[in-house]
Amino acid sequence: MKRLLCLFVVLVLVVGCSKEEVDDGSILSVSKDGEAVVQEFNKYLEMEGQDIYMETNLKDVYYRSNGKKYTLKEFVKSDGEFSEITSLLGEGISYDDGGSMLYSSDEYDLSVLMCGTLNGNKDIYVGDYTMYYGNTMCK
Numbered sequence: 000m001k002r003l004l005c006l007f008v009v010l011v012l013v014v015g016c017s018k019e020e021v022d023d024g025s026i027l028s029v030s031k032d033g034e035a036v037v038q039e040f041n042k043y044l045e046m047e048g049q050d051i052y053m054e055t056n057l058k059d060v061y062y063r064s065n066g067k068k069y070t071l072k073e074f075v076k077s078d079g080e081f082s083e084i085t086s087l088l089g090e091g092i093s094y095d096d097g098g099s100m101l102y103s104s105d106e107y108d109l110s111v112l113m114c115g116t117l118n119g120n121k122d123i124y125v126g127d128y129t130m131y132y133g134n135t136m137c138k
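Going by numbering that gives the first Met the number 0, the residue at position 14 of the sequence shown is 13; the numbering climbs one at a time, nothing skipped.
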């Protein structure tokens with residue numbers, strides 16, 4: 000749970016949206032390859048009991064912590080708290096599947112879905128601001 004929350008926070012902090020990586024000192028930025036035409040995901044990081052999926056139009060998410068810029072993967076692997084990122088995205092939307100939460104920020108052009116299903120799914124989905132909870136997610 001701690002790792003999932005940490006990953007979510009990192010993702011939120013990394014969402015400074017642009018077509019190319021933004022290095023303007025923002026705490027959260029996103030590097031993109033255009034807009035998503037269809038919501039599709041690639042496995043970004045595999046961890047014990049939890050996988051992180053990134054929308055195909057995103058190159059990476061970057062988060063600044065303690066004066067250092069991390070990719071989302073680096074931040075999560077360094078035991079960063081995902082809640083640091085999700086806290087930047089604002090209030091989440093709760094789903095009646097056991098506790099999944101979708102956090103989105105138009106400012107950062109980032110969305111993070113933290114799965115928390117009754118069947119124990121704790122995966123994380125990262126996408127741009129237009130990402131929604133689709134029927135293939137958190138399964």
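Don't be surprised by glycine CBs; every beta carbon is placed ideally from N, CA and C.
Do you know offhand how far E34's Cα is from L88's? 19 angstroms
Taking 8 angstroms as the threshold (C-beta atoms), are S30 and D141 in contact? Any property of residue 141 remains undetermined from this structure, which presents the chain solely from 0 to 138.
Are the beta-carbon atoms of V111 and T70 separated by less than 8 angstroms? no
Reference M113; option with closest CA among E106, G119, Y107 and L101: L101
Could you tell me the boundaries of the beta strand (DSSP E) in which L71 lies? It is not in any beta strand (DSSP E) - L71 instead sits in the alpha helix (DSSP H) that spans L71 to K76.
Just list the alpha helix (DSSP H) runs in the segment 68-122, keeping only unbroken ones of 4 residues or longer that don't cross its boundaries, in chain order. 71-76 and 82-85
Could you tell me whether the Cβ atoms of E83 and S104 are closer together than 8 angstroms? no
Close Cβ partners of G48 (< 8 angstroms) along its chain, the five nearest in sequence each way excluded: K121
Which one of G24, L57, V36 and S93 has the shortest CA to CA distance from K67? G24
Own chain residues within Cβ distance below 6 angstroms of C137, not counting five before or after: S99, C114, T116 and N120
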